[in-house]
Amino acid sequence: MEFFQTLDAIWGARWPIISGIENTIFISGVSIILGTFLGIVVGLLLTYANLFVRFFVRVYSDFLRGTPVFVLILASFYILSIIGVQLNAFQAGIFALTLFCSSHVGEIVRGALQTIPKGQTEAAKSIGLTFWTTFFSVLLPQALRQILPTWVNTATEIVKASTLLSIIGVVELLLSVQQVISRTYLSLELYFFAGFVFFLINFAIEKAGRFVERKIAIPT
Numbered sequence: 001m002e003f004f005q006t007l008d009a010i011w012g013a014r015w016p017i018i019s020g021i022e023n024t025i026f027i028s029g030v031s032i033i034l035g036t037f038l039g040i041v042v043g044l045l046l047t048y049a050n051l052f053v054r055f056f057v058r059v060y061s062d063f064l065r066g067t068p069v070f071v072l073i074l075a076s077f078y079i080l081s082i083i084g085v086q087l088n089a090f091q092a093g094i095f096a097l098t099l100f101c102s103s104h105v106g107e108i109v110r111g112a113l114q115t116i117p118k119g120q121t122e123a124a125k126s127i128g129l130t131f132w133t134t135f136f137s138v139l140l141p142q143a144l145r146q147i148l149p150t151w152v153n154t155a156t157e158i159v160k161a162s163t164l165l166s167i168i169g170v171v172e173l174l175l176s177v178q179q180v181i182s183r184t185y186l187s188l189e190l191y192f193f194a195g196f197v198f199f200l201i202n203f204a205i206e207k208a209g210r211f212v213e214r215k216i217a218i219p220t
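What follows is the structure in structure tokens.
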């Protein structure tokens, strides 16, 4: 009986819930993509920049990795407005998650690049390859095999961290479910439903990551 009651509640609020799912996927996807590109830049600077630049990038990376996502979200929404940067809740959430993602991806990229022998970079220079050609043609294909498994973990963490955006009023999946709970009082059942949806999203990311990992694996 309770099962059908839960299904009825979900069906009755299907459009707000679908909108919440779409917001969760959009926010997570944009944050992961932007955070990955920014993280690659951070990783390159940590590996190849001069000491002065590496110091400031290291401070950036360590500060963000050591700051709870909850605090980053609040700072992006409230503190930035104080200094004149006006972001709505949606934009502030993406900004915070992008920064958090970039700091972790930067460390992943740095660690992977440092395992590649320096002789390969020197050999690329000796035949006249530019830095970016060397990176995309020589370094990245090798580093990607080490980056991908850890990147998948970071991506799933970003999806889970998106639930915190409800504190600044972003109607993502969790907040939309909480709004349904406030009307139906089916808290346990609807939280289980939300958890299942998050599991499906992260499961899809993991499967996609494993598919790419198999494609780029070195045949044995």
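So for the sequence shown, the UniProt record's numbering puts the first residue at 1; every next one is plus one.
Idealized CB from N, CA, C, for every residue including glycine.
From a predicted model like this one, the values you see are computed outputs, not experimental measurements.
Three-state secondary structure (DSSP) of residue i
i: residue 302; result: In the structure as shown, the chain starts at 1 and stops at 220, and residue 302 therefore has no counterpart that could be examined.
i: E189; result: helix
i: residue 232; result: Since the first residue shown for the chain is 1 and the last is 220, residue 232 is missing from the structure and cannot be characterised.
i: P68; result: coil
i: T184; result: helix
i: G93; result: helix
i: T115; result: coil
i: E170; result: Checking the displayed sequence, the identity of residue 170 turns out to be Val instead of Glu. The answer is coil: DSSP assigns V170 none of H, G, I, E or B.
Rounded straight-line distance, which links the Cα of residue j to that of residue i
i: A89; j: V170; result: 6 Å
i: P16; j: S176; result: 6 Å
i: I33; j: R183; result: 36 Å
i: Y78; j: L72; result: 10 Å
i: K215; j: V30; result: 24 Å
i: A49; j: F203; result: 36 Å
i: S103; j: S81; result: 23 Å
i: E172; j: I25; result: 9 Å
i: F211; j: L144; result: 13 Å
i: L174; j: S166; result: 7 Å
i: G209; j: S61; result: 24 Å
i: G66; j: E213; result: 29 Å
i: G39; j: Q5; result: 45 Å
i: F192; j: P68; result: 25 Å
i: T156; j: F52; result: 33 Å
i: I127; j: I94; result: 42 Å
i: L190; j: N153; result: 26 Å
i: A13; j: S137; result: 50 Å
i: A124; j: L140; result: 13 Å
Terminal residues of the alpha helix (DSSP H) in which residue i lies
i: Y78; result: Unbroken run through Y78: none, as it is neither H nor E.
i: F26; result: 14-48
i: V152; result: 140-161
i: F131; result: 131-134
i: G119; result: 118-126
Check whether residue i and residue j have beta carbons under 9 Å apart
i: I158; j: S76; result: no
i: L164; j: F63; result: no
i: V109; j: I147; result: yes
i: T47; j: L113; result: yes
i: G43; j: E122; result: no
i: I116; j: Q142; result: yes
i: L97; j: S162; result: yes
Check: residue i C-beta below 8 Å from any heavy atom of the ligand SAH
i: I108; result: Here there are no bound small molecules, and the ligand SAH is not part of this structure.
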